[in-house]
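Quick note, the sequences are listed as chains V, U, D and W, same order. Per full-length UniProt numbering, the very first residue in the first sequence carries number 1; after that it's consecutive. Per full-length UniProt numbering, the very first residue in the second sequence carries number 1; after that it's consecutive. Per full-length UniProt numbering, the very first residue in the third sequence carries number 1; after that it's consecutive. Per full-length UniProt numbering, the very first residue in the fourth sequence carries number 1; after that it's consecutive. Structure first, then comments.
Number of protein chains: 4
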Amino acid sequence: MGDLLGVAVLGAGHMGADHVRRLDRVVSGARVAAVADPDVARAEEAVAGIAGASVHTETEAALDAPGVRAVLIASPGPAHEEALLAALARGLPVLCEKPMVPDSAGALRVVEAEARLGRRLAQIGFMRRYDDGYRRLKALLDEGRLGRPLMLHCVHRNVSSPKDFTSAMLIDSSVSHEIDAARWLLGQELTAVTVLRPRPSAGAPEGLSDPQFVLFETDGGALVDVEVFVNCGFGYQVRCEAVCEAGSARIGDDHGMLVSARGAAAAEVPQDYLVRFVDAYDREVQSWVDATRQGRVTGPTAWDGYAASAVAEAGVRALESGARTAVGLAPRPELYAGN
Amino acid sequence: MGDLLGVAVLGAGHMGADHVRRLDRVVSGARVAAVADPDVARAEEAVAGIAGASVHTETEAALDAPGVRAVLIASPGPAHEEALLAALARGLPVLCEKPMVPDSAGALRVVEAEARLGRRLAQIGFMRRYDDGYRRLKALLDEGRLGRPLMLHCVHRNVSSPKDFTSAMLIDSSVSHEIDAARWLLGQELTAVTVLRPRPSAGAPEGLSDPQFVLFETDGGALVDVEVFVNCGFGYQVRCEAVCEAGSARIGDDHGMLVSARGAAAAEVPQDYLVRFVDAYDREVQSWVDATRQGRVTGPTAWDGYAASAVAEAGVRALESGARTAVGLAPRPELYAGN
Amino acid sequence: MGDLLGVAVLGAGHMGADHVRRLDRVVSGARVAAVADPDVARAEEAVAGIAGASVHTETEAALDAPGVRAVLIASPGPAHEEALLAALARGLPVLCEKPMVPDSAGALRVVEAEARLGRRLAQIGFMRRYDDGYRRLKALLDEGRLGRPLMLHCVHRNVSSPKDFTSAMLIDSSVSHEIDAARWLLGQELTAVTVLRPRPSAGAPEGLSDPQFVLFETDGGALVDVEVFVNCGFGYQVRCEAVCEAGSARIGDDHGMLVSARGAAAAEVPQDYLVRFVDAYDREVQSWVDATRQGRVTGPTAWDGYAASAVAEAGVRALESGARTAVGLAPRPELYAGN
Amino acid sequence: MGDLLGVAVLGAGHMGADHVRRLDRVVSGARVAAVADPDVARAEEAVAGIAGASVHTETEAALDAPGVRAVLIASPGPAHEEALLAALARGLPVLCEKPMVPDSAGALRVVEAEARLGRRLAQIGFMRRYDDGYRRLKALLDEGRLGRPLMLHCVHRNVSSPKDFTSAMLIDSSVSHEIDAARWLLGQELTAVTVLRPRPSAGAPEGLSDPQFVLFETDGGALVDVEVFVNCGFGYQVRCEAVCEAGSARIGDDHGMLVSARGAAAAEVPQDYLVRFVDAYDREVQSWVDATRQGRVTGPTAWDGYAASAVAEAGVRALESGARTAVGLAPRPELYAGN
């Protein structure tokens, strides 16, 4: 069918290759039209067996390749700003993996470029908004029968951190998910952040401040606390409890199967975020493809990407200073009102 | 892309229309090429907005329509035999909703036709095999670390039964899912069945024997019990516990969110099988499309469809007689060895 | 205080010694006045350090010892009938461990003796009626908001069976707990029983039919199924789900602590019934002491003890015959009306 | 029996009357010898029907009454210091309800008096140490297989607060339980406290800062966070999750019965601490009676009572200042080494 959405995928690393596979074999209505990666062999490997997908080393060449009608950015964070601006300049709808732009100044330039354009083209890859649990929690909070949310208690645990993971990355890479999730669930901006550091776990690499306990205040008077523990050793656990005026709701404790053996009744804990959130990734990309084919943008905005970067930057400063740190946000352009 | 799998969908009722939507908007690699339904208006409504899909009132016309390379049968059960034989005669791969053929004699004719053909073309729509919980349970049993399965305890509850639901339909419509699931999980044939009838619930329509308690014996010495209760009033619950020599495993008790309010900590119970098994349906059809495009058949076979019909027939006789009833199966054709 | 209830404990084995400890150190308002056991050394060991407790080898001597105002029978089952009749003859209130009398003919003689006496003196040790979970389930069923109970699904698993445990003992020793619990929860008599035997677990001793699946019908049209598996290997699990017209309720799945470690979130499964039911035993004896001091009998009656024996006997016949077996009960004496 | 422990109960209010009942009818080995309350009618009502219990309006008269060998203090907090000093002066073992002494200066005077005495006589009523869940968590942490504890996440919710409950009382009355539990579970002292105040719930009385989020640091480098919410509206919930280097353990999420009805699978949430902790109270008093009869003191010490008061005072200052507040503790007397 001629109307499959031709997508240029930027970046053919772990995440990029996974998105190529998803567009080719999981998602309905799209096809991979081009892939760009400085490592051309990696790009070719990603598209092996996919008819009609051209391979490029340069971003611009991929965006200009025949059949490209939308862009999925899965390159490393530092390359995002240039890629986003190039996509916006061509009027191409874009799904950009998080972080949108690692530094808030660069993120703000993207916001401003899109605001100048006067219409939304960018969606940011905060895929938790597409997770079934988070969506149910969001729906419950919006419905209002539990009253106003007062606190969110969040847990974010990984089995172990990648090599070269820094103490700041617990905030700007890991907790950035909770930053977006909290803003979205509450519909409020985060205004201040405090980071507490218990004595590091013996299981953490030397010098890494792991775990950390991060506290956010919001402009609606709510409190968000996040335990982030990237070397917990036993599994990938993401939980969120919303405490409201008339009740609380918790997600992330379910299990697919309960096994009684050897003196215990046990539920498996996934070891990897791809296991936990595979459906969310699929739903996110399907939702983006569906909306894009209809000329709409429905997901997290560039403003959400900017706000996440600005809050994370304040969080890293709070980590370093040990003090409560205010978050400064630029004025929100009219384009993002209500989002 | 020219290589999207063109599918003829037979039947445009509730289930057929849902499959049309799934093929068009959810599943990757397929397109709706034709739809057939005696009610032409219904067929046209199902394909509204789908380019390239022809509409027919006759099965054969749909199978012969341009671009049709595979068939999805979602018409009423009594129409399945003819449709399956027509698809087999044309060498078309086919996904047939359950029951494959309601009566075992007819089901056996389909088995024999495919056996004569000498290659497998038909997959039967036992979608529980594609549910994440069932797949995990199957993987655990196959892995063997809990030892041999001794018993399966199953629960199958619906909020309320459709109008005109009969006592026999608790067996041949509802429990037929457990019949297939048990055969698949255990890798054993069911050899006898007993049906017990507690005094019917006040919530069941007059004259309907609801709930029922169904006991199956297997050729591997295992026992399968099923509570089927189609007017339980409160939700759609499907559970299965496998009791093995060294442990037990249970699926169907998980929840997406736990809400504490008004004196209780509660998980929502879905009201509908489409909510509970939507992912299983999507995965089933995606898996069928993927395999079909590669010229393979990987799902439940016509033999599975026949066996389910034969066991269900014995179950209905057991319901009527109140006695333990042996299941008689025809010899298994070579084509289905190991399946 | 002079008014502590002086109790003669018959039997100083595992269970008897535990009751001596309980009366002396856990329960309020009672004291051990006498202990009888054919093995005098065992009796003396049981009362070591307890002032005022005399030691005997003969039942009658213990019942007649100074200060004895009530009797707790914890001797082997075959000795119960004689002990009960002796206690009744003296007008002594008695708490008798289950089985009241192993054979229903003997049990009926006790019932008749008490009926002739014209007042209740005997309470039978069905301690599940004192377990918090069972009490909550009973209260819920009695309250009626779930409607009439239609089915009870029961599970009774032990880590391993004692030496010399026979296939019949799965019924008359293990399932006898479920027999009483079902009668009590439903307020109905059990009228027929069928026993199914899956191929025995490799973990069961040679020749033992373990697990078994036992089905009871009731005079109220309900169905009770019991999985009994006394060599399940992994823990002591007792569960009960009551399926009613407007909902279901399940006990026995709770846990004191959930531990996430090594890839699983696990709740400990107790290894022993004393761990699972310690509070029930304490509550049972406290309740008996309290009622006895007030001249009342409030717990399970001799009729309950007789009915349990009669149903278990039918169950053992059903196990041997493989057929559905009716339960025959003697007429219920007026003394037990409403109990 | 002459050797029942005669106890003087000080205070015949809600808690005192409950302890009188417990000593008389639940606990083994003790009897109520005297009750004192300024309201003599209330004291007389509490002991109605209890033989041998004298009634007093003055503490000293009760302590000196015939048969008194131990003291249980359940009077209002401000009366505790005088009562404790009087008991110590007489060499009487004492179980004192929390708070031991509301102000840390007074608490320190009790510590010093006992230290001068050179032997421990006082046990403080931190009954959570006797709750089954807390004991299992403590045992798990002490066992060490999860490694060093890094964080405790605590939740303490009440349906509604008593009249005249103040913002400070969320700390020094409610959170004081978590203060002791954290010290005991970790075996560490709390060194600093920060209190965060989300915008109060609409369900809280005007002017009450409810909920609050309290953060404690420990001398072992651990972090303890407590959500305290005394007008949560829906139930009494006490949870604690210990996050350790190699796993986490959570208590307080269990349930006695799961009821599926009306679209939800729900566990009841208790409405009252007496329901949740009734067994802990019974076990606490039984344990105190047992130890006292053997001339030993085994429970929380006067030092624990003092430390809880000192930490709570720092917490109230932190609540008022909004700043992180250090906890100052007096040197620990030799008598309490290792406790």
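C-beta atoms are modelled at their ideal positions from N, C-alpha and C, and glycine is treated no differently.
Scanning the segment 37-86 of chain V from its first residue to its last, the whole beta strand (DSSP E) runs of 3-plus residues come out as 54-56 and 70-73.
When secondary structure is reduced to three states using DSSP, residue 125 of chain D falls in the strand class. Around the beta-carbon of residue 143 of chain D, fewer than 16 other beta-carbon atoms lie within 10 Å, marking it exposed.
Within chain U, the residues placing a beta-carbon under 7 Å from that of residue 235 of chain W are 260 and 263, ordered along the chain. The segment 263-313 of chain W contains, as complete beta strand (DSSP E) runs of 3+ residues, the segments 264-268 (chain order). At a cut-off of 8 Å, the C-beta of residue 199 of chain D has a neighbouring C-beta in chain U. For residue 151 of chain D, the C-beta contacts it makes with chain U under 8 Å involve 198, 211, 213 and 227, in order along the chain. DSSP, read as helix, strand or coil, puts residue 241 of chain W in strand.
Contact residues of the segment 111-123 of chain V toward chain D are absent (C-beta to C-beta distance below 9 Å). At a cut-off of 8 Å, the C-beta of residue 256 of chain V has no neighbouring C-beta in chain W. An exposed status is given to residue 76 of chain U, since fewer than 16 other beta-carbon atoms sit within 10 Å of its beta-carbon. Under the 10 Å beta carbon count, residue 123 of chain U is surrounded by 16 or more other beta carbons and is classified as buried. Around residue 275 of chain W, no beta-carbon contact reaches into chain U at under 9 Å, the shortest distance being about 11 Å.
Listed in chain order, the alpha helix (DSSP H) elements of length 4 or more contained wholly in the segment 114-197 of chain D are 132-143 and 176-186.
Rounded to the nearest whole angstrom, the CA to CA distance from residue 212 of chain V to residue 159 of chain W is 31 Å. Taken through DSSP and simplified to helix, strand or coil, residue 206 of chain V comes out as coil. Taken through DSSP and simplified to helix, strand or coil, residue 219 of chain V comes out as coil. In this structure, the alpha-carbon of residue 166 of chain U lies about 38 Å from that of residue 49 of chain U. Beta-bridge analysis with DSSP links residue 225 of chain W to W:153 and W:215.
Distance between residue 83 of chain U and residue 173 of chain U, taken at the CA atoms: about 20 Å.
Its chain contains 55 as the residues whose beta carbon lies nearer than 6 Å to that of residue 44 of chain D, once the 5 sequence neighbours on both sides are disregarded; these appear in chain order.
Between residue 137 of chain D and residue 100 of chain W, the CB-CB gap reaches or exceeds 8 Å.
For residue 98 of chain U, the number of other beta carbons within 10 angstroms of its own is at least 16, and it is reported as buried.
Secondary structure of residue 26 of chain W (DSSP, three-state): coil. Burial state of residue 275 of chain V is exposed, judged by a 10 Å Cβ sphere holding fewer than 16 other Cβ atoms. The residues 190, 308, 311 and 312, in chain order, have a CB closer than 7 Å to that of residue 179 of chain V in the same chain once the five nearest residues on each side in sequence are set aside. Looking at the DSSP output, residue 334 of chain V sits in no beta bridge, so it has no partner there. In terms of Cβ geometry, residue 192 of chain D and residue 217 of chain D form a close pair [threshold 8 Å]. Excluding residues up to 5 positions away in sequence, 77 lie with their Cβ nearer than 6 Å to the Cβ of residue 102 of chain D in the same chain.
Note on residue 207 of chain V: under 16 other CB atoms within 10 angstroms of its CB, so exposed under the neighbour-count rule. The beta carbons of residue 336 of chain V and residue 301 of chain V sit about 6 Å from each other, so the pair counts as a contact at 8 Å. For residue 148 of chain V, the closest Cβ of chain W is nearer than 8 Å. In this structure, residue 120 of chain D lies away from residue 112 of chain D, with their beta-carbon atoms at least 8 Å apart. Under the criterion of beta carbons closer than 8 Å, residue 246 of chain U and residue 305 of chain D do not qualify as touching, at roughly 36 Å. Residue 94 of chain W and residue 267 of chain U have their C-alpha atoms some 46 Å from each other. Per the C-alpha coordinates, the member of U:264, U:20, U:195 and U:59 positioned closest to residue 53 of chain U is U:20.
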